[in-house]
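Counting in UniProt numbering, the sequence shown runs from 1 upward without gaps.
We put the beta carbon where it would ideally sit given N, CA and C, even for glycine.
Since we're looking at a predicted model, the values are computed, not measured.
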Amino acid sequence: MPFNLDKFVASPSVEELDSLKKSEIVKVAKHYGIEFQPLMRKDEIKRYVLEYLVDEGVLPSTVLETAITVPTDNTFELKRLEIEMNKEIRLKEMEREREREERERERKEREMQMQKEKEEREMQMQRKKRKEKCKCKCKGKKRQENMNLG
C-alpha cells in the first residue's frame with residue numbers, strides 16, 4: 001500500500017512512522033517544516049519527526065523513550081563491513097607504497113650501475129689515450145734515433 005502523507009498527518013503513529021522508507025519520512029519532515037540534513041540517516045530524521053510530534057502534543061512523550069533506536073544487527077553488520085573495507089583499502093595502499101618504494105630502489109640501483117659503467121668506460125678511454133700518447137712519443141724518439149744514426 002503506497003504511503004499517503006495526508007492520512008499520516010491526520011493520525012500520526014509511531015508504528016506507521018517505523019514502517020516508512022527514508023524518502024517517505026523526508027516527506028513527513030518537510031510537511032512539518034522540520035530542518036534536517038539530506039545526508040542524515042533515516043533513524044536520525046525519524047527521531048526529529050518524533051520529537052516534533054511530541055513537542056506539538058500530537059504524540060505522548062513516552063514514545064521518545066521507547067523510540068530510542070538501538071542499533072540493529074544490520075547497523076552492526078554495516079559498520080563491520082565498513083571497517084573491513086577500510087582495512088582492505090589501507091592494506092592495498094600499503095602494498096602500493098611498498099611496490100613504489102621497491103621500484104624507486106631498483107631505479108636508483110640501475111642509475112648507480114649505469115654511472116659506474118660510465119665511469120669505467122671513461123677510465124678505459126683515458127688509459128687508451130695515455131697508451132696511444134706513450135706509443136706516439138716512443139715511436140717519435142725511435143725515429144729520431146734512427147735518423148741520427150743514419
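Endpoints, the alpha helix (DSSP H) within which residue i is located
i   : result
K42 : K42 to D55
F8  : L5 to A10
V58 : No alpha helix (DSSP H) contains V58, which DSSP labels as neither H nor E.
S13 : Segment: none, S13 is in no alpha helix (DSSP H) and carries neither H nor E.
I34 : Taken as a continuous stretch (DSSP letters only), I34 belongs to no alpha helix (DSSP H), as it is neither H nor E.
Burial state of residue i, where buried means 16 or more other Cβ atoms lie within 10 Å
i    : result
K128 : exposed
T91  : Here residue 91 turns out to be Leu, not Thr, going by the sequence shown. Result: exposed.
K118 : exposed
L81  : exposed
L50  : buried
K46  : buried
V28  : buried
Straight-line gap, residue i to residue j (C-alpha atoms, nearest Å)
i    : j    : result
P60  : M85  : 42 Å
L53  : E16  : 13 Å
M40  : K22  : 10 Å
E122 : K131 : 14 Å
K133 : E120 : 20 Å
Y48  : T75  : 19 Å
E102 : R96  : 10 Å
L5   : V26  : 11 Å
L20  : K30  : 14 Å
S13  : P38  : 23 Å
E77  : I83  : 10 Å
CB contact below 9 Å: residue i versus chain D
i   : result
I89 : Here there is only one protein chain, and chain D is not present.
Which runs of the beta strand (DSSP E) fall wholly inside the stretch 82 to 144 and span at least 3 residues, in chain order? none
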